[in-house]
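Engineer: Sharing a structure below in structure tokens format, with a few things to ask.
Residue numbers (this note's numbering): 658 to 1402.
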């Protein structure tokens, strides 16, 4: 936010007034519209983890990749995952039937073939069929269903390959069982017709196992969201109008309600402490481990944990307006967004499945015409192995899983990322632009003094407070609060008018008065030279000099100082050591800006910058080839935040800034930028690892499955081994992504 006295009304929820306090216990009537909104807010939408553009109102599968849709936003209730329950049931039933099929098939390799004594050769094919049919046709039915849909929707995917592979193995074996005499001699091993029931059953069971492991691992990626949801208490203790207290559901808390927070309890909603004091643990929201001392007037956040003291608070933000709700919403949206690097995987995947089908056909033709006998058997087995091992699930999961886990990890450290693109871009940032007020400084200016040309400082303060009482700008609040603390009562005003980035004008005691910077008074034709020397002295001390004019004449200058954040100097030093170019933007005078810059070791400053020029400065840096991140906290910073490659908002700032920014630091601590940068690098490194693994896996696996090593080593890849490898590849990608939960930020 500009340090110059730009005046505006904050976009934050209005503070509760005296009237609000008086009616805080009144019963609220719910209109039909309220009920409709409540129903709408509880409606669950389902989205594909790999294709977030696919959104449905009911559970189902993605028409593009065939994966099960997940709730768009996690819920705290541990409701059973219907897809996981179904796949688990199919897996265990299939496993119990697959084991005897596998043993029957492998019995020929055992000395003396003991199974042949119990199961005659003529009965064995029918027994294998009886055991395999439920596995393939019931256990693997979802794969056939999704494979069929992929063909109908013209989006070939992993289920296309699984359905073709298992269908070919089972279909051939069924035909060979029913009509063995129709098969040519080239297919037979001597007088025996080879069957592949065990391959179809084992492949189906292994794919089911992979689905179960994958679904379990995917559910772990939303653990951060569930942990955030778990922070919110279920009830709040409301103080009624007659002084009595009662516990009410959290959903019934309204703006203006007075709530008692007892020792050890969670703060129910966002608000302000009215009486009492305590230390509140805010680590679960901000990532900072040290409890914060709260007194009357302090802000408290819903979901944080009260210490040993107790206090009464006023509810200012409830429901979806609380910081915790905003965090959950932002993290949920970020987890479903797509990083630019995902486009590479998308392009590869769009060509991959058709290419694999072609390779499988060529493999079948090659083995059928040029392979050793039995050619048909080799052709079928190797083609199925190619189809199964090449499933592109690992490739599709490589980026989304890392994004989901990474954004959740960031949220636990107070770093909220709006989308995956910002996370990727942050890794490339080389220039960091800081707004001064509220970003490098506390954003809570204090009135230092008033210097009147007539010598009557109290009168000057009375006029200044009168002009500023209509504004919510931090500098205005500092002047009004400072005057009140000195016992000065502001005069009534008429015709209040704010000039963004410059100041305000009004009639005070019937006289035209103005307060603002030199540009403001110059526009009004007021000569500020009599107060210029005093203003320059204030600026050299790091204060903001604000001129006051009465009846067309300069009356004096007000000095306001905004203390530098404790973490600012350390953060700036570390960011510079990381190789970043640091630039400070401010609407303050160059002298004041220079004083702050010297304290922080910043060499590059842009002073006297009006709000509309901030985005122009960012555009100029971008035109020079810089990848720019902007850190700010105010409404005036919103255009610059939106213009930057990555906008970083302070969570202590305004809602408009947070909406315009791609990254939000919940606590407003600048060291959070370092955490965000480390998170970006860790996530991008993890994504590259996943993509490399997926590409290399398929680049090596497909040729081996096709039989390229056979002429040299006699090695062929069994479809069953290919199935196990395919399932484990997806699980390994997710397991690698889950490592981000332990990343040090």
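The C-beta atom is built at its ideal place from N, Cα and C for all residues, glycine as well.
Inspect the beta-carbon positions of residue 711 and residue 720 and report whether they are closer than 8 Å.
Structural biologist: Contact: yes.
Engineer: Could you spell out the range, first to last residue, of the beta strand (DSSP E) harbouring residue 806?
Structural biologist: Note, residue 806: premise wrong, no beta strand (DSSP E); alpha helix (DSSP H) at 798-809.
Engineer: I think residue 1274 touches residue 1263, with their Cβ atoms under 8 Å apart; what is that distance to the nearest whole Å?
Structural biologist: Confirmed, Cβ separation roughly 5 Å.
Engineer: Evaluate residue 805 with the Cβ neighbour count: other Cβ atoms within 10 Å of its Cβ, from every protein chain shown; 16 or more gives buried, anything less gives exposed.
Structural biologist: Exposed is the call here.
Engineer: At the level of alpha carbons, what is the spacing between residue 1037 and residue 1045?
Structural biologist: The straight-line gap from Cα to Cα measures roughly 12 Å.
Engineer: Which whole-angstrom value is the C-beta distance of residue 788 and residue 757, which I expect to be below 8 Å?
Structural biologist: About 6 Å separates the two Cβ atoms, so the contact holds.
Engineer: Within the same chain, show all residues whose beta-carbon is closer than 8 Å to that of residue 1230, passing over the 5 residues directly before and after it, in chain order.
Structural biologist: The residues are 1258.
Engineer: Using only the alpha-carbon positions, how far apart do residue 1204 and residue 892 sit?
Structural biologist: So the two alpha carbons sit approximately 50 Å from each other.
Engineer: Can you find the residues in the same chain that come closer than 6 Å, C-beta to C-beta, to residue 1041, ignoring five residues on each side of it along the sequence?
Structural biologist: For residue 1041, where only same-chain residues beyond five positions count, the Cβ hits under 6 Å are 822, 825, 826, 1376.
Engineer: Taking the beta carbon of residue 1024 as the centre, do at least 16 other beta carbons fall within 10 Å, making it buried, or is it exposed?
Structural biologist: Per the 10 Å Cβ criterion, buried.
Engineer: Between which residues of its own chain and residue 687 is the CB-CB distance below 7 Å, once the five residues before and five after are set aside?
Structural biologist: Bear in mind that the predicted position of residue 687 carries a pLDDT of just 38, short of 50, making it unreliable; the figure below should be weighed with that in mind. The answer is none, since no qualifying residue turns up.
Engineer: Let me check understanding here. Comparing Cα to Cα, which of 1232, 1162, 1281, 1168 lies closest to residue 1174?
Structural biologist: Closest option to residue 1174, Cα to Cα, is 1162.
Engineer: Do you know how far the Cα of residue 1367 is from the Cα of residue 777?
Structural biologist: Those two C-alpha atoms are separated by around 34 Å.
Engineer: Based on DSSP bridge pairs, tell me the residues matched to residue 728.
Structural biologist: For residue 728, which the question treats as bridged, DSSP gives the partners 703.
Engineer: Comparing C-alpha positions only, which one of 961, 903, 969 sits nearest to residue 953?
Structural biologist: Taking only the C-alpha atoms, the option nearest residue 953 is 969.
Engineer: Figure out for me which residue from 775, 722, 703 has the closest Cα to the Cα of residue 715.
Structural biologist: Closest by alpha carbon: 703.
Engineer: What did DSSP end up calling residue 1389 once you bin it into helix, strand or coil?
Structural biologist: Helix at residue 1389.
Engineer: How would you write the range of the beta strand (DSSP E) that residue 753 sits in, first residue to last?
Structural biologist: Per DSSP, residue 753 belongs to no beta strand (DSSP E); it is in the alpha helix (DSSP H), 739-763.
Engineer: Tell me the start and end of each unbroken alpha helix (DSSP H) in the stretch 1241-1308 that is at least 4 residues and wholly inside, in chain order.
Structural biologist: Listed in chain order, the complete alpha helix (DSSP H) runs (minimum 4 residues) inside the stretch 1241-1308 are 1247-1257, 1268-1280, 1295-1300.
Engineer: I'd like the span of the alpha helix (DSSP H) that includes residue 1142, first residue to last.
Structural biologist: Note, residue 1142: alpha helix (DSSP H), 1131-1142.
Engineer: Which residues bound the alpha helix (DSSP H) around residue 1357?
Structural biologist: Counting along the chain, the alpha helix (DSSP H) containing residue 1357 begins and ends at 1328-1363.
Engineer: State the CB to CB distance for the pair residue 759 and residue 850, rounded to an integer number of angstroms; the pair is presumed to be in contact (CB under 8 Å).
Structural biologist: Residue 759 to residue 850, Cβ: 19 Å. No contact.
Engineer: Check residue 1126 in the structure and name its three-state DSSP category.
Structural biologist: The answer is coil: DSSP assigns residue 1126 none of H, G, I, E or B.
Engineer: Taking residue 1336 as the reference, which of 967, 1390, 1200, 1398 has the closest Cα?
Structural biologist: The option with the nearest alpha carbon to residue 1336 is 1398.
Engineer: Thinking C-alpha only, which one of 1144, 940, 958, 1285 is nearest residue 928?
Structural biologist: Nearest C-alpha to residue 928: 958.
Engineer: Taking 7 Å as the limit between beta carbons, can you name the residues of its chain near residue 696, skipping five residues before and five after?
Structural biologist: Caution is warranted here: a pLDDT of 38 is assigned to residue 696, below 50, making its placement in the model unreliable, and the coordinate value is therefore given only provisionally. Excluding positions up to five away in sequence, the list is empty.
Engineer: How about residue 1409 and residue 912: do their beta carbons lie closer than 8 Å?
Structural biologist: Nothing can be reported for residue 1409, as the shown portion of the chain is limited to 658 through 1402.
Engineer: Per DSSP, residue 1414 forms a beta bridge with which residues?
Structural biologist: Because residue 1414 is not part of the residues shown, which for the chain are 658 to 1402, the question remains open.
Engineer: What first and last residue would you give for the alpha helix (DSSP H) that runs through residue 1096?
Structural biologist: Here residue 1096 belongs to no alpha helix (DSSP H), and DSSP marks it neither H nor E.
Engineer: Starting from residue 1151, trace the beta strand (DSSP E) in both directions and tell me its first and last residue.
Structural biologist: Residues 1150-1156.
Engineer: In chain order, what residues of the same chain have a beta carbon less than 7 Å from the beta carbon of residue 1341, not counting five sequence neighbours either side?
Structural biologist: These residues qualify, in order along the chain: 1081, 1084.
Engineer: What are the boundary residues of the beta strand (DSSP E) that residue 894 is part of?
Structural biologist: Element bounds for residue 894: 892-896.
Engineer: Would you mind reading off the limits of the alpha helix (DSSP H) that contains residue 1210?
Structural biologist: Note, residue 1210: premise wrong, no alpha helix (DSSP H); beta strand (DSSP E) at 1210-1218.
Engineer: Could you check if residue 1108 is buried or exposed, using at least 16 other CB atoms within 10 Å of its CB as the buried criterion?
Structural biologist: By the 10 Å Cβ count, residue 1108 comes out buried.
Engineer: With DSSP as the reference, label residue 720 as helix, strand or coil.
Structural biologist: Coil, per DSSP.
Engineer: Determine the extent of the beta strand (DSSP E) in which residue 1160 is found, giving its start and end residues.
Structural biologist: It spans 1160-1165 - the beta strand (DSSP E) in which residue 1160 sits, taken as one unbroken run.
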